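Asker: Before I ask anything, let me first share the structure, which is written out below as structure tokens.
Protein chains: 2
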Amino acid sequence: MKKPADTQAPVPAVACLALGLMLAQPLWAQGPNNTPLREGTVKAAVAIDPGLFERQMSLIDKRRASWLEKAEQATPELIRTVKKPVAVITVTNDPASFQGWKTGSAAAVMSVYDRPLKPGDSFILDFGEHLAGQLILSLRDFDIPVDAPVRLALVFGEVLAEVTEPFDPYTGGLTRAWLQDETVNVDVVPQTVRLPRRYAFRYAKVTVVSCSTHGKFGFSGIQAEAVTSADERKLLPFTPRDADEAALDRVARATLRDCMQTVFEDGPKRDRRLWLGDLRLQALANYATYRNYGLVKRSLYILAGTATDKGLVSTCALEQPKPVRGGNSILDYTALFAPTVLEYLEASGDRQTAEDLWPLVLKQLDFTLEPVNGEGLFITPKGWWCFIDWHRTLDKQASEHAIVLFGLKATQRLAEKLGRTTETAFIPEIVTRMESAARKHLWDESRGLFVSGPGREVSWASQAWMTLAGVPSPEQTRRAMSGVIRLPSAEKPVTPYMNHYVVEALLAAGLKEDADRLLRDYWGGMLKKGADTFWEVYVPGDDFLSPYKSHLMNSYCHAWSCTPTYLLRKQP
Amino acid sequence: MKKPADTQAPVPAVACLALGLMLAQPLWAQGPNNTPLREGTVKAAVAIDPGLFERQMSLIDKRRASWLEKAEQATPELIRTVKKPVAVITVTNDPASFQGWKTGSAAAVMSVYDRPLKPGDSFILDFGEHLAGQLILSLRDFDIPVDAPVRLALVFGEVLAEVTEPFDPYTGGLTRAWLQDETVNVDVVPQTVRLPRRYAFRYAKVTVVSCSTHGKFGFSGIQAEAVTSADERKLLPFTPRDADEAALDRVARATLRDCMQTVFEDGPKRDRRLWLGDLRLQALANYATYRNYGLVKRSLYILAGTATDKGLVSTCALEQPKPVRGGNSILDYTALFAPTVLEYLEASGDRQTAEDLWPLVLKQLDFTLEPVNGEGLFITPKGWWCFIDWHRTLDKQASEHAIVLFGLKATQRLAEKLGRTTETAFIPEIVTRMESAARKHLWDESRGLFVSGPGREVSWASQAWMTLAGVPSPEQTRRAMSGVIRLPSAEKPVTPYMNHYVVEALLAAGLKEDADRLLRDYWGGMLKKGADTFWEVYVPGDDFLSPYKSHLMNSYCHAWSCTPTYLLRKQP
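Chains A and B are the protein sequences, given in the same order. For what it's worth, this note's numbering labels the leading residue of the first sequence as 56, then goes sequentially. For what it's worth, this note's numbering labels the leading residue of the second sequence as 56, then goes sequentially.
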């Protein structure tokens with residue numbers, strides 16, 4: 056995930072859209088076909104125990120501090136691995152390559168070691184793979200002592216553009232400080248310097264800004280120490296059917312691995328935060344691979360322990376120096392809390408954590424059902440960020456309707472597992488209303504497609520989420536999913552995040568070949584462009600698309616892109 | 056001290072001069088008045104035990120490693136003191152002020168604390184005094200979590216020019232990296248960040264380069280931790296006769312204090328190294344004030360332990376990561392090793408160290424007597440850096456002659472104290488020859504002045520050093536010293552280092568009023584210009600003079616300027 060709020064003016068267009076949805080009146084206050092909506096909410100229309108959500112809140116109030124303690128106790132140890140650069144490279148322009156850059160020549164790393172360097176000397180190290188970690192520079196002297204500080208400029212890049220194109224003047228939308236450059240002064244040589252910050256990179260450009268030309272310095276070695284909480288020894292085996300699957304799995308795992316730190320980060324370059332929606336996908340990929348259940352537990356407890364005073368689970372949380380809630384609230388992420396806890400219980404068997412978090416899971420319905428009217432139809436609310444995808448104009452009503460329903464069903468299933476169904480006695484009736492309302496207002500039987508909003512927009516997102524929420528019949532599911540991906544006018548996803556749910560929905564619809572094709576076409580498209588890890592943003596045909604008006608700001612190792620490793624292993 | 060070798064091309068003019076003297080043939084190979092010089096050296100002409108210097112070398116060889124161990128054991132503990140800024144200032148142009156800058160307005164430091172900052176915000180903190188130490192920044196958040204790294208640009212200044220004039224483009228002579236600026240990225244807020252490097256400064260300019268404009272940060276506090284090995288509790292009392300003396304003493308002590316680290320550094324800004332000639336003056340000032348004998352011991356042992364394989368004591372040494380000899384060899388500094396050890400013995404009573412270092416003291420004569428011809432006259436040699444002063448054209452023959460003699464006499468006096476006079480039996484005869492040669496070739500009785508070189512140049516340096524070496528009679532001393540300071544055509548000193556020896560010589564000549572006037576005029580001139588510590592370079596009338604073609608590169612807290620505290624206390 057990334058957030059639109061950390062911005063330099065002007066706010067990027069997609070962020071404006073999201074903020075607009077948060078701040079403006081809903082675009083329409085009538086149902087499809089201009090039918091007037093019933094007044095009131097589904098919470099009022101259905102006989103919910105009137106004190107239920109208040110009782111949950113009382114439990115949440117008592118537990119929040121202990122949840123943060125449990126998060127602290129579950130902090131995983133980071134696994135540190137030395138990574139050595141594999142080549143010194145040059146970069147050349149090539150219109151056929153990703154973003155116009157390709158590796159020109161490659162020389163042995165030794166060629167930059169053990170030789171005196173002078174101001175202006177510069178080289179790019181290629182570590183051969185993406186990593187999140189620290190750089191360690193060993194500086195040496197020669198026959199004359201190094202008699203002045205050494206000033207180095209360092210630039211770290213996940214992709215070649217970052218170590219090739221100048222960062223300044225920066226006109227993008229997020230804080231310039233996210234771009235990974237650094238000026239380092241070394242007073243004492245010889246010395247091995249470990250840079251204190253963690254960077255996400257495959258490439259490191261080293262430039263000598265200033266140094267003595269009398270007492271010269273050089274490098275005796277440069278290496279990185281990669282950090283992750285993914286333990287390769289615990290990796291579940293997987294037998295790919297072909298080289299493409301092997302590559303998809305490898306790159307997806309690398310993406311997951313580098314986002315697995317002391318929380319599931321959304322991206323190790325940016326913004327390094329724990330986002331609930333991203334967490335769900337990472338957790339699913341993690342259960343299929345590294346099985347670090349403690350990291351999911353810690354992440355859940357951080358989001359729970361930083362819930363608002365009104366009991367709203369955090370959409371995102373900052374981890375350091377102590378966990379704190381991020382400023383955004385995404386309604387669809389809130390609805391995904393129940394599925395995430397349910398899937399954690401199913402994967403780990405950790406019933407204690409699920410029971411501990413149960414009051415918070417149930418409490419989220421107080422929020423997600425608020426925009427559902429008495430008839431059971433989701434009305435896009437003001438005051439919420441409805442995310443779904445970074446798509447610029449997507450109508451989100453149908454998708455949000457489906458996700459709220461998806462979360463409702465997961466809550467019920469969790470209640471069954473925990474023996475709490477007396478508390479969720481109201482859910483079945485709301486499920487029925489929401490399914491009926493969806494079929495009545497959001498399903499176009501003549502087209503065999505779900506529609507969304509006053510413009511009756513048809514999108515992949517609406518079909519996928521309705522499918523995953525179990526609204527359409529199996530036959531309708533196949534029609535909707537098969538139809539939408541063949542409908543040129545349908546709104547397509549723009550993020551790997553939304554593409555994931557489309558693949559899941561295709562699999563759910565039994566459209567295995569279509570699912571497989573999308574997986575190979577979409578994520579495989581990044582592979583063809585040389586991805587070492589999967590990206591935050593990928594729309595075939597536009598290498599420079601960025602929600603931040605700068606492809607240099609994009610994250611090229613982004614958690615929500617890591618799911619091919621899960622999807623491949625899930626395929627029958 | 057500073058060295059010309061740490062240079063970006065082009066080498067500064069004064070350094071060129073010094074290097075020229077090292078590399079070129081001596082300017083003249085004949086005595087004054089074109090009298091041919093006797094062949095051979097005074098070492099050959101006098102009956103020195105032929106195996107003497109070889110035996111010393113054998114002892115040195117055995118002891119060098121243990122000397123470095125003793126240096127290590129004598130490492131002083133640094134005293135750390137929190138220093139808080141006293142004001143936030145603006146700087147305005149004022150032709151009447153030092154280098155054209157003066158403090159404009161001053162506001163309370165609180166005015167920059169606890170308020171959200173944005174990119175471009177900038178302020179200058181005034182710590183009210185010079186210090187060597189680390190900066191500690193406490194960053195805080197406000198109502199929204201800080202959701203992006205904070206990038207700060209910091210500039211540290213000993214004088215206002217450094218925090219006011221841009222450093223780039225830099226066209227000066229030494230490595231640009233000496234200029235104290237830094238870019239700092241802070242990933243986690245709130246956090247208190249201690250910058251790892253030590254800076255020398257009174258002023259710190261803080262500029263926000265980049266930060267989130269959504270989750271804003273600010274400072275809750277900024278402070279410095281000053282470090283020194285000077286212990287104020289051990290300071291010897293001194294009663295100044297007037298406010299001027301009080302100010303001279305205070306600023307001189309601050310200069311000494313900030314240069315007293317784990318060695319006597321020449322300047323805490325640059326080049327932070329231990330130089331033998333500077334050490335002697337610092338040690339003298341230290342005996343009169345902070346009495347840190349251990350620091351002198353450590354410094355002596357470092358210079359001894361890094362002596363060359365031929366037994367030449369280090370002219371300068373780098374301390375970290377382990378002591379190593381700097382690349383330069385200054386003949387006059389070599390000659391000052393014996394006086395420095397002698398004075399250490401006299402001040403500290405540490406006979407063991409003096410005995411331990413005795414072979415090295417004696418061995419230095421093997422080098423300093425080499426350029427002395429059989430007649431006893433010093434002939435400016437090639438292959439040596441003869442320093443004396445940063446003066447651009449100064450003829451150094453007379454001064455070097457005197458310093459070699461000064462060192463010779465100190466060696467003899469040390470031998471007497473240590474009961475080693477059998478080893479120095481040759482010294483008296485050489486002293487006689489050198490005094491005679493000086494009187495014959497370098498003394499102009501008609502003018503009552505010492506002359507130097509083929510041009511028979513008259514300089515303050517020649518008179519001062521001949522006086523301190525005890526060559527002239529008391530009457531001649533008064534004539535020479537009184538005469539030269541009233542002779543407009545005489546070459547004057549350009550550094551505080553050489554000015555110190557002039558004051559000492561005036562005192563030795565009994566010219567107390569002249570000594571007092573020079574002290575008050577020269578160092579007092581720096582005070583009038585607002586000096587918090589005394590400078591590396593000061594020539595009245597030129598605020599911008601620099602051996603490095605950049606006044607920004609000059610050190611404004613320089614050890615060799617610290618002696619007023621010694622000279623004031625030495626006055627009867």
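Ideal placement from N, C-alpha and C gives every residue a C-beta, glycine not left out. Remember, predicted model here, so these are calculated numbers, not experimental data.
1) Can you say whether Pro-224 (chain A) is buried or exposed, counting buried as having 16 or more other CB atoms within 10 angstroms of its CB?
2) Of the residues B:Ile-443, B:Pro-204, B:Ala-163, which one's Cα is nearest the Cα of Ser-267 (chain B)?
3) If we count Cβ pairs, one from each stretch, closer than 8 Å, do we get three or more for the stretch 582 to 590 of chain B versus the stretch 558 to 567 of chain B?
4) For Lys-271 (chain A), which residues in the same chain have their Cβ closer than 6 Å to its Cβ, ignoring the five residues on either side in sequence?
5) Grouping DSSP H, G and I as helix and E and B as strand, with all else coil, what is Asn-347 (chain B)?
6) Do Trp-122 (chain A) and the ligand PLP come close, with the Cβ less than 8 Å from some heavy atom?
7) Give the straight-line distance between the Cα atoms of Ser-454 (chain A) and Ile-443 (chain A), rounded to the nearest whole angstrom.
8) If you reduce the DSSP assignment to three classes, tell me which class Tyr-593 (chain B) lands in.
9) Under the assumption that Ala-309 (chain B) contacts Glu-184 (chain B) (Cβ atoms under 8 Å), give the Cβ distance between them as a whole number of angstroms.
10) Let me make sure I understand the geometry here. Which of A:Glu-430, A:Lys-157, A:Asp-576, A:Gly-538 has the alpha-carbon closest to that of Thr-487 (chain A)?
11) Skipping 5 residues on each side, what residues in its chain have a beta carbon closer than 6 Å to that of Trp-445 (chain A)?
12) Candidates A:Gly-175, A:Trp-439, A:Ala-255, A:Leu-303: which alpha carbon is nearest Met-608 (chain A)'s?
13) Return no unless some Cβ of chain B is closer than 9 Å to the Cβ of His-269 (chain A).
14) Taking the beta strand (DSSP E) that Gly-212 (chain B) falls in, what are its first and last residues?
15) On the DSSP bridge list, what partners appear for Ser-514 (chain B)?
16) Hey, does Val-264 (chain A) have any beta-carbon neighbour from chain B nearer than 9 Å?
17) Does Ile-385 (chain A) come within less than 9 Å of chain B when only Cβ atoms are used?
18) Can you find a C-beta in chain A that's less than 9 Å from the C-beta of Arg-327 (chain B)?
19) Taking the C-alpha atoms as reference points, what is the distance between Tyr-399 (chain B) and Pro-245 (chain A)?
20) In whole angstroms, what separates the C-alpha of Pro-436 (chain A) from that of Pro-221 (chain A)?
21) Would you mind telling me which residues of chain B sit closer than 8 Å to Asp-313 (chain A), beta carbon to beta carbon, in chain order?
22) List, in order along the chain, the chain A residues whose C-beta lies closer than 9 Å to that of Trp-330 (chain B)?
23) Indicate whether Gly-381 (chain B) and Leu-373 (chain B) have their beta-carbon atoms separated by less than 9 Å.
24) Whose C-beta lies closer than 6 Å to the C-beta of Tyr-611 (chain B) among residues of the same chain, with five residues either side of it excluded?
25) Give a yes or no on whether the C-beta atoms belonging to Pro-140 (chain B) and Ala-285 (chain B) are separated by under 9 Å.
26) For Ala-302 (chain B) and chain A, any beta-carbon pair shorter than 9 Å?
27) Helix, strand or coil: how does DSSP classify Asp-411 (chain B) here?
28) Assign Tyr-168 (chain B) to one of three DSSP states: helix, strand, or coil.
29) Under the assumption that Trp-498 (chain B) contacts Ala-457 (chain B) (Cβ atoms under 8 Å), give the Cβ distance between them as a whole number of angstroms.
30) Does the Cβ-Cβ distance between Ala-161 (chain B) and Ala-142 (chain B) come in under 9 Å?
31) Under a Cβ-count criterion, where at least 16 other Cβ atoms within 10 Å of its own Cβ denotes burial, should Gln-85 (chain B) be classed as buried or exposed?
32) For Gln-626 (chain A), which residues does DSSP report across the bridge?
33) Who are the neighbours of Tyr-381 (chain B) on chain A, taking C-beta pairs under 7 Å?
34) Give a yes or no on whether the minimum CB-CB distance between Ala-232 (chain A) and chain B is below 9 Å.
35) In chain order, what residues of the same chain have a beta carbon less than 6 Å from the beta carbon of Thr-90 (chain B), not counting five sequence neighbours either side?
36) Going by DSSP in three states, Asn-554 (chain B) sits in which element: helix, strand or coil?
Answerer: In this structure, then:
1) Position 169 of the first sequence, counting from 1, holds the residue named residue 224 (chain A). The residue in question, Pro-224 (chain A), is exposed, as its Cβ has fewer than 16 Cβ neighbours within 10 Å.
2) To locate residue 267 (chain B), count along the second sequence from 1; it is residue 212. Comparing Cα-Cα distances from Ser-267 (chain B) to each of B:Ile-443, B:Pro-204, B:Ala-163, the minimum goes to B:Pro-204.
3) no
4) Here residue 271 (chain A) is taken as the residue at index 216 of the first sequence, counted from 1. Non-local C-beta neighbours of Lys-271 (chain A) in its own chain, meaning closer than 6 Å and more than five positions away in sequence, comprise Pro-171, Phe-197, ordered along the chain.
5) Here residue 347 (chain B) is taken as the residue at index 292 of the second sequence, counted from 1. It is coil, neither helix nor strand.
6) Here there are no bound small molecules, and the ligand PLP is not part of this structure.
7) Numbered from its first residue, the first sequence carries residue 454 (chain A) at position 399. Numbered from its first residue, the first sequence carries residue 443 (chain A) at position 388. Computed Cα separation, rounded: 7 Å.
8) On the second sequence, residue 593 (chain B) is found 538 positions in, with the first residue counted as 1. Coil, per DSSP.
9) Indexing the second sequence from 1 puts residue 309 (chain B) at position 254. Indexing the second sequence from 1 puts residue 184 (chain B) at position 129. Contact flag correct, Cβ pair sits at about 7 Å.
10) Locating residue 487 (chain A) in the first sequence gives position 432, counting from the first residue. Ranking A:Glu-430, A:Lys-157, A:Asp-576, A:Gly-538 by Cα distance to Thr-487 (chain A) puts A:Glu-430 first.
11) Residue numbering aside, residue 445 (chain A) sits at position 390 when the first sequence is read from its first letter. If we look at Trp-445 (chain A) and ignore the five residues flanking it on each side, its Cβ neighbours are Val-69, Val-549, Thr-550, Pro-602.
12) Here residue 608 (chain A) refers to the residue found at position 553 when the first sequence is read from its first residue. Checking every option, the nearest Cα to that of Met-608 (chain A) belongs to A:Ala-255.
13) If you number the first sequence from 1, residue 269 (chain A) lands on position 214. It does: the Cβ of His-269 (chain A) has a partner Cβ on chain B nearer than 9 Å.
14) For this step, residue 212 (chain B) is matched to residue 157 along the second sequence. From DSSP, the beta strand (DSSP E) with Gly-212 (chain B) extends over 205 to 212.
15) Your numbering for residue 514 (chain B) matches position 459 in the second sequence. The partner list for Ser-514 (chain B) (beta bridge, DSSP) reads B:Glu-546.
16) For the purposes of this step, residue 264 (chain A) is taken as the residue at position 209 of the first sequence. Yes, because at least one Cβ of chain B sits closer than 9 Å to the Cβ of Val-264 (chain A).
17) The residue given as residue 385 (chain A) occupies position 330 in the first sequence. No, Ile-385 (chain A) does not count as interfacial toward chain B.
18) If you number the second sequence from 1, residue 327 (chain B) lands on position 272. Taking a beta-carbon distance threshold of 9 Å, Arg-327 (chain B) counts as an interface residue toward chain A.
19) Within the second sequence, numbered from 1, the residue matching residue 399 (chain B) stands at position 344. Within the first sequence, numbered from 1, the residue matching residue 245 (chain A) stands at position 190. C-alpha separation (whole angstroms): 32 Å.
20) Reading the first sequence from its first residue, position 381 is the one you call residue 436 (chain A). Reading the first sequence from its first residue, position 166 is the one you call residue 221 (chain A). Those two C-alpha atoms are separated by around 42 Å.
21) Start at 1 with the first residue of the first sequence, and residue 313 (chain A) comes out as number 258. Within chain B, no residue comes near Asp-313 (chain A); the closest Cβ sits about 17 Å away, beyond 8 Å.
22) By 1-based counting over the second sequence, the position of residue 330 (chain B) is 275. Residues of chain A passing the Cβ test: none, with the nearest at roughly 12 Å.
23) Locating residue 381 (chain B) in the second sequence gives position 326, where the first residue counts as 1. Locating residue 373 (chain B) in the second sequence gives position 318, where the first residue counts as 1. Yes.
24) On the second sequence, residue 611 (chain B) is found 556 positions in, with the first residue counted as 1. Excluding sequence neighbours, Tyr-611 (chain B) sits near Glu-213, Val-214, Trp-590.
25) Position 85 of the second sequence, counted from the first residue, corresponds to residue 140 (chain B). Position 230 of the second sequence, counted from the first residue, corresponds to residue 285 (chain B). It is not a contact, given that the beta carbons lie outside the stated cut-off.
26) Locating residue 302 (chain B) in the second sequence gives position 247, counting from the first residue. No, Ala-302 (chain B) does not count as interfacial toward chain A.
27) If you number the second sequence from 1, residue 411 (chain B) lands on position 356. Three-state DSSP puts Asp-411 (chain B) in a helix.
28) The residue given as residue 168 (chain B) occupies position 113 in the second sequence. The answer is strand: DSSP assigns Tyr-168 (chain B) an E or B state.
29) In the second sequence, the residue the question calls residue 498 (chain B) occupies position 443. In the second sequence, the residue the question calls residue 457 (chain B) occupies position 402. Going by Cβ atoms, the distance from Trp-498 (chain B) to Ala-457 (chain B) rounds to 11 Å, so no, they are not a contact pair.
30) The count along the second sequence starts at 1 and reaches residue 161 (chain B) at position 106. The count along the second sequence starts at 1 and reaches residue 142 (chain B) at position 87. Yes, these two residues count as a Cβ contact at 9 Å.
31) Walking along the second sequence from the start, residue 85 (chain B) turns up at place 30. Model confidence at Gln-85 (chain B) stands at a pLDDT of 41, short of 50, so the residue's coordinates are unreliable and nothing is read from them.
32) As a working mapping, residue 626 (chain A) is identified with position 571 in the first sequence. Gln-626 (chain A) pairs with nothing; no bridge assigned.
33) The residue given as residue 381 (chain B) occupies position 326 in the second sequence. Just to set this straight, residue 381 (chain B) is Gly in the shown sequence, not Tyr. Within chain A, the residues near Gly-381 (chain B) are Pro-200, Asp-202.
34) Within the first sequence, numbered from 1, the residue matching residue 232 (chain A) stands at position 177. Closer than 9 Å: yes.
35) By 1-based counting over the second sequence, the position of residue 90 (chain B) is 35. For Thr-90 (chain B), the pLDDT reaches just 44, beneath the cut-off of 50, and the residue's location in the model is therefore unreliable, leaving the point undetermined.
36) In the second sequence, counting from the first residue as 1, residue 554 (chain B) sits at position 499. The answer is helix: DSSP assigns Asn-554 (chain B) an H, G or I state.
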